[in-house]
Amino acid sequence: MTDIKSDEGLEAPNNNEHINFHHPYTPYDVQLQFMRTVYNILEKGGGQVGILESPTGTGKSLSLICSALTWLRHHKRSRFSASFDETSAAMAGEPDWMIEAALRRKRQELARLWEEREAALRKAREKERQEEEKAAMGLHGRSVKRARVDDGEYGKRKKGEIDEEREFLVGDWADGTVTGDGLAGLSKETRELMAKVGLGGAQGKEGEEDCSLIEEEVKIYYTSRTHSQIAQFIGELRRPAFPTSIPEDMLSTDNLGKGPPTEPVKQVPLSSRQKLCINPSVARLNSLSAINDRCTELQQGKSGHKCPFIPNADNLKQVHEFRDTVLASLPDIEDLYRVGKDLQVCPYYASREAIPGAEVVTLPYPLLLQKSAREALGIKLEGNIVIIDEAHNIMDAIANVHAAEIRLSELRRAREMLGVYVKRFGKKLKGENRMMVAQVGRVVESLSEWLNTALNGKGDHGIVDSNSLLKARGADQINLYQLIKYIQDSKLAYKVESYVSHKEEEEAQGQGKTSTTTPVLHTLVSFLSALTNLSTEGRIFYEKLLTTPSDIKLSYLLLSPTHAFSSIVSAARAVILAGGTMSPFDDYKAHLFPMLSEDKITTLSCGHVIPSSNLFVWTLASTRPGQQGSAAASDAFEFSFQKRSDPAMIRQLGLVLLNICSVVPDGVVVFFPSYSYLDEVVAAWQAPETQNGPSVSFQRKQTLWDRLAAKKTLFRESKGGSSDEILQQYSDAIFSAGTASRQQLDPTGRGGALLLSVVGGKLSEGINFSDRLGRCVVVVGLPYPNINSPEWKARIEYVETAAIARLTSSKTSRFEGEGDKTQSRALTREEALPLARQVARDFYENACMRAVNQSIGRAIRHRGDYAAVVLIDRRFGTDRIRGKLPGWIRQGMVEGSENKGLAGLMSGLGSFFRGRSG
Numbered sequence: 001m002t003d004i005k006s007d008e009g010l011e012a013p014n015n016n017e018h019i020n021f022h023h024p025y026t027p028y029d030v031q032l033q034f035m036r037t038v039y040n041i042l043e044k045g046g047g048q049v050g051i052l053e054s055p056t057g058t059g060k061s062l063s064l065i066c067s068a069l070t071w072l073r074h075h076k077r078s079r080f081s082a083s084f085d086e087t088s089a090a091m092a093g094e095p096d097w098m099i100e101a102a103l104r105r106k107r108q109e110l111a112r113l114w115e116e117r118e119a120a121l122r123k124a125r126e127k128e129r130q131e132e133e134k135a136a137m138g139l140h141g142r143s144v145k146r147a148r149v150d151d152g153e154y155g156k157r158k159k160g161e162i163d164e165e166r167e168f169l170v171g172d173w174a175d176g177t178v179t180g181d182g183l184a185g186l187s188k189e190t191r192e193l194m195a196k197v198g199l200g201g202a203q204g205k206e207g208e209e210d211c212s213l214i215e216e217e218v219k220i221y222y223t224s225r226t227h228s229q230i231a232q233f234i235g236e237l238r239r240p241a242f243p244t245s246i247p248e249d250m251l252s253t254d255n256l257g258k259g260p261p262t263e264p265v266k267q268v269p270l271s272s273r274q275k276l277c278i279n280p281s282v283a284r285l286n287s288l289s290a291i292n293d294r295c296t297e298l299q300q301g302k303s304g305h306k307c308p309f310i311p312n313a314d315n316l317k318q319v320h321e322f323r324d325t326v327l328a329s330l331p332d333i334e335d336l337y338r339v340g341k342d343l344q345v346c347p348y349y350a351s352r353e354a355i356p357g358a359e360v361v362t363l364p365y366p367l368l369l370q371k372s373a374r375e376a377l378g379i380k381l382e383g384n385i386v387i388i389d390e391a392h393n394i395m396d397a398i399a400n401v402h403a404a405e406i407r408l409s410e411l412r413r414a415r416e417m418l419g420v421y422v423k424r425f426g427k428k429l430k431g432e433n434r435m436m437v438a439q440v441g442r443v444v445e446s447l448s449e450w451l452n453t454a455l456n457g458k459g460d461h462g463i464v465d466s467n468s469l470l471k472a473r474g475a476d477q478i479n480l481y482q483l484i485k486y487i488q489d490s491k492l493a494y495k496v497e498s499y500v501s502h503k504e505e506e507e508a509q510g511q512g513k514t515s516t517t518t519p520v521l522h523t524l525v526s527f528l529s530a531l532t533n534l535s536t537e538g539r540i541f542y543e544k545l546l547t548t549p550s551d552i553k554l555s556y557l558l559l560s561p562t563h564a565f566s567s568i569v570s571a572a573r574a575v576i577l578a579g580g581t582m583s584p585f586d587d588y589k590a591h592l593f594p595m596l597s598e599d600k601i602t603t604l605s606c607g608h609v610i611p612s613s614n615l616f617v618w619t620l621a622s623t624r625p626g627q628q629g630s631a632a633a634s635d636a637f638e639f640s641f642q643k644r645s646d647p648a649m650i651r652q653l654g655l656v657l658l659n660i661c662s663v664v665p666d667g668v669v670v671f672f673p674s675y676s677y678l679d680e681v682v683a684a685w686q687a688p689e690t691q692n693g694p695s696v697s698f699q700r701k702q703t704l705w706d707r708l709a710a711k712k713t714l715f716r717e718s719k720g721g722s723s724d725e726i727l728q729q730y731s732d733a734i735f736s737a738g739t740a741s742r743q744q745l746d747p748t749g750r751g752g753a754l755l756l757s758v759v760g761g762k763l764s765e766g767i768n769f770s771d772r773l774g775r776c777v778v779v780v781g782l783p784y785p786n787i788n789s790p791e792w793k794a795r796i797e798y799v800e801t802a803a804i805a806r807l808t809s810s811k812t813s814r815f816e817g818e819g820d821k822t823q824s825r826a827l828t829r830e831e832a833l834p835l836a837r838q839v840a841r842d843f844y845e846n847a848c849m850r851a852v853n854q855s856i857g858r859a860i861r862h863r864g865d866y867a868a869v870v871l872i873d874r875r876f877g878t879d880r881i882r883g884k885l886p887g888w889i890r891q892g893m894v895e896g897s898e899n900k901g902l903a904g905l906m907s908g909l910g911s912f913f914r915g916r917s918g
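So this is what it looks like as structure tokens:
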């Protein structure tokens, strides 16, 4: 395993030191190191994995772009050269003049195809620019001959216009196979028509010359957590300029300007129908599942309607224009939607026509992490590059996309809806349909009976034996795989929910009310799909809900991401996991790809771009110096679950913050372990202080909360509150005082705001506390998850069991504990047990530290920024915990701070902020 740590002075491999990465600015040393590391991983290929940490503010996204695209263009040029060598080798023994003629023809043909494609894309870019200019001037956009379909004429139905049987009755169904290609969401008729007219990915009509359909051999699949993060990445993608993918000596003189020729990057963003559907009658539906079902139904036209936007022979020209515009313009999702709407062609399906010609494909987590989603979109990872940004939460993201839950109230609603549907259509259902609908009802009844029993039982939560859920009504004899397939193929959930919604709308209109239908049958399908997952990988839990009326839910949790992620790692040429706070690295290696050998994994922890003088990190173990963070010290800070309610410690914490607010200007953000503990601490600070001995002055009777409020404006995050609202108020409190008034503040630092937040809360991730918003970040305690919860008990048990299996069965196994260790033989169970328990403890602790590191990362967002980070808990002073902090935080740690107490902290903060302004 290659382990590169910039904070320890180790350099990345130097075989690419002189590569021009085409960075639009002069890159910092840490950016060069990051780019060289990425380039090396991609060049090695063969299933290489990189786990790379680059702090926020160091230009991580741009470094990823420059290194990956530079490698891709180099790789494509080398493939040109290799193809000529292959031609020469194939003609070995032929006269030299014949070989030269063949190579010349090949060069000319490749150059012609490239130049024609680039010319077509230049034309598309120019047309798009003209359309934007027209739009800016208030003129009409594209003129499309096809009639537009608006919500009034197509999306809304008048009462009495619906043929209920045609619209809602499930059609004939026969057990078949589910297609898994990129057009799997299309009906058979649509797929056949698209094939005839040359649509459907890289497949075109035989002999068709379409210069824009040149398929890129290697692609970069970039994914991040949210569409806004992807949009930011695409914005960065527009900054650099890269050389052509074809050698310059192959280009005609028309394509050679004064400087080196460049070639714009070709990128296509992918998303769900929910984001891209332009059909009003479909887009208005209230769930993704309903949108998917209605979309595929409208392609078949069995209900009397067909979607007019699906690619077909009539709109082939618009589809090609859509494709060229996408490849020419580096669009984001909003641009994709707009282009599709302007051209009156479905952007969800038409975007697939751009995939073959794209170099970069951007998509959100769920579309990459789920194999079924990749197959539906036609994504082939074999031999391609996968870059997962903001990857610190990748394991949680994998668990989330496979998670499912259902409530008893939803099952009751499902039973009611099925009853309404069967009452209307039961006699018209044919034998196979009648049997399958009855099976759905039996499954609903069995799950309901189990939950009713649990609701009346003693326990509030626990682990469920999946076999017990379907024992009632003979549901355990039902083939769930076939039942799920039936519901999906027949669109039963959509049919039932649509019919019930239709009837309720009629009744509501008669009473002057509105009606909404929850997609409970789609929720049921998701939960049943989870039930069919490998039993060793997941667990089912029940939990009583504090609602009126009382309710209870079943939830499925994927315990291990290994199997779900292995299909990505095994297929891709290379996988990059990148993030601002990836530390600690152990979990990714142990639980995402334990099957990989050490030489397949490269880790990098970059330093920050800020000067060392701009960061001050302090561990406060006790208010008094010399305690050395000892657990036995009476006044040591230890916010463990057993000790954190100590009134004296809570009061000492308040006094520490009072002192910090006296020195730190502008914004101070404090992160607590949980919402419940934050509530407990605030309640203690707001209570009148009790004093022993002589009476105190009136000022001393102020509560700690009052005294904090006298220093800074106080804000507090609440579990159900709006993060945007509180963040805006916090910002206003800091920025409302202009520069002049700030200069008039007294020397104690009075002014600004104090924000009390929660690790893992809404303000701990994705929020930018740069500059004055975050001059000091304080972390109180270590936010360990509740190890007594059923979910965490199951996780720990699974990790320990999996570690034992790995250590006892493999001749050479890597395990994570006190550093990376490798064993050369299979262990006995007795030998493996303590090591496995250590792996489980590390997994538990690493979950805590990832959350801490995310909170710390809210500060220091650019090179000119500066901030203090104060870690209040004696455990932050231990080598084990400190080793799991990001490298740049360890670099900024004041040596021995855990032994210097509050006086040392105040002296250090005073020196750090003295003379700073702005």
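Take the sequence shown: its position 446, counted from the start at 1, is 446 in full-length UniProt numbering, and no numbers get skipped. Virtual Cβ for every residue (Gly too), placed ideally from N, Cα, C.
Residues bridged to residue i (per DSSP)
| i | result |
| --- | --- |
| VAL779 | PHE671 and LEU871 |
| LYS553 | ARG407 and GLU543 |
| ALA636 | SER622 |
| residue 1007 | Lying outside 1 to 918, the shown extent of the chain, residue 1007 is not represented and no answer is given. |
| LEU363 | THR223 |
Residue range of the unbroken alpha helix (DSSP H) whose run includes residue i
| i | result |
| --- | --- |
| residue 948 | It is not possible to answer for residue 948, since the shown part of the chain is limited to 1 through 918. |
Through-space distance from residue j to residue i, alpha-carbon basis
| i | j | result |
| --- | --- | --- |
| LEU316 | ALA373 | 26 Å |
| residue 919 | VAL420 | Residue 919 is absent from the model: the chain starts at 1 and stops at 918. |
| LEU69 | GLU353 | 22 Å |
| ALA733 | LEU773 | 10 Å |
| PRO366 | VAL401 | 6 Å |
| GLN702 | PRO785 | 35 Å |
| residue 938 | SER809 | Summary: the structure shown does not reach residue 938, with the chain confined to residues 1 through 918, and so no result is reported for it. |
| ARG117 | SER228 | 30 Å |
| ARG624 | ASP635 | 8 Å |
| ALA231 | ASP314 | 32 Å |
| GLY176 | ILE487 | Caution is warranted here: a pLDDT of 46 is assigned to GLY176, below 50, making its placement in the model unreliable, and no coordinate value can be reported. |
| ALA794 | GLY340 | 47 Å |
| ALA836 | LEU369 | 28 Å |
| VAL443 | VAL422 | 16 Å |
| TYR221 | PRO27 | 24 Å |
| SER907 | TRP685 | 25 Å |
Endpoints, the beta strand (DSSP E) within which residue i is located
| i | result |
| --- | --- |
| LEU620 | 615 to 620 |
| GLY462 | 461 to 464 |
| ARG79 | Counting along the chain, ARG79 falls outside any beta strand (DSSP E), though it belongs to the alpha helix (DSSP H) covering 60 to 90. |
| PHE715 | 713 to 716 |
Residue i: CB within 7 Å of a non-hydrogen atom of the ligand COA
| i | result |
| --- | --- |
| SER612 | The ligand COA is absent from the structure shown, which contains no ligand whatsoever. |
Beta-carbon gap between residue i and residue j smaller than 8 Å
| i | j | result |
| --- | --- | --- |
| LEU615 | VAL669 | no |
| PRO269 | PRO331 | yes |
| VAL440 | ILE540 | no |
| CYS277 | PRO311 | no |
| VAL663 | LEU871 | no |
| ILE394 | ILE388 | yes |
| PRO611 | LEU592 | no |
Residues near residue i by beta carbon distance below 6 Å, same chain, minus five either side
| i | result |
| --- | --- |
| ALA840 | ILE796, VAL799 and GLU800 |
| ALA283 | CYS277 |
| ASP746 | Residue confidence is low: ASP746 scores 42 on pLDDT, short of 50, so the model does not pin down where it sits. No coordinate-derived value is stated. |
Same chain, Cβ closer than 8 Å to residue i, five either side skipped, listed in chain order
| i | result |
| --- | --- |
| ILE856 | THR581, VAL777, VAL779, VAL869, LEU885, PRO886 and ILE889 |
| LEU103 | PHE84, THR87 and SER88 |
| LEU833 | ILE804 |
| THR396 | First, the residue type needs correcting, since residue 396 is Asp and not Thr in the sequence shown. The answer is none, since no qualifying residue turns up. |
Cβ shell of residue i (< 7 Å), same chain only, five flanking positions each side left out
| i | result |
| --- | --- |
| LEU42 | ALA68, TRP71, ILE385 and ALA574 |
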